[in-house]
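Undergrad: Right, I'll just put the structure down here and ask away after.
Residue numbers (my numbering): 5 to 116.
Here's what the structure looks like:
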């Protein structure tokens with residue numbers, strides 16, 4: 005699917021407004037996981053993640069499940085890395101990664 009990934013899809017039962025709400029939710033969650041990450045970077049990752057999930061989903065329930073699973077995976081990685089020794093933190097792309105494993109997960113291709 006080209007970037008009709010932003011358009012309504014009758015088979016999915018979703019319109020642009022539905023997807024915008026999902027993106028807002030994803031953005032809020034990512035911002036809470038990565039409070040020191042620039043908003044522009046979070047926005048780019050939110051868009052890329054949502055588009056990949058939408059393109060890979062056959063219907064609305066699958067789409068919502070994959071979005072939830074992706075956010076849960078990031079949340080688990082953030083939680084697990086909070087207990088990591090401080091020497092593990094690193095600077096990735098000019099942004100200090102307080103949660104390096106989760107940050108790497110967020111920054112990867114997210115083709116989950």
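Each residue gets a CB set at the ideal place from its N, CA and C atoms; glycine is no exception.
In this text the structure is predicted, and so the values were computed from the model without any measurement.
Between the Cα of residue 52 and those of 31, 42, 64 and 62, spot the shortest distance and give me the residue it belongs to.
TA: Selected option, being the one with the closest Cα: 31.
Undergrad: Using the Cα positions of residue 21 and residue 27, report the straight-line distance between them to the nearest angstrom.
TA: The straight-line gap from Cα to Cα measures roughly 10 Å.
Undergrad: Take residue 33 and list the residues in its own chain whose beta-carbon comes closer than 7 Å to its own, dropping the five residues that flank it on each side.
TA: Once the five neighbours on either side are set aside, the close Cβ partners of residue 33 are 75.
Undergrad: With the cut-off set at 8 Å, would you say residue 57 and residue 67 are in Cβ contact?
TA: Yes, these two residues count as a Cβ contact at 8 Å.
Undergrad: Using only the alpha-carbon positions, how far apart do residue 89 and residue 61 sit?
TA: Low confidence applies to residue 89: its pLDDT is 48, below 50, so where it sits in the model is not reliable enough to give any reading.
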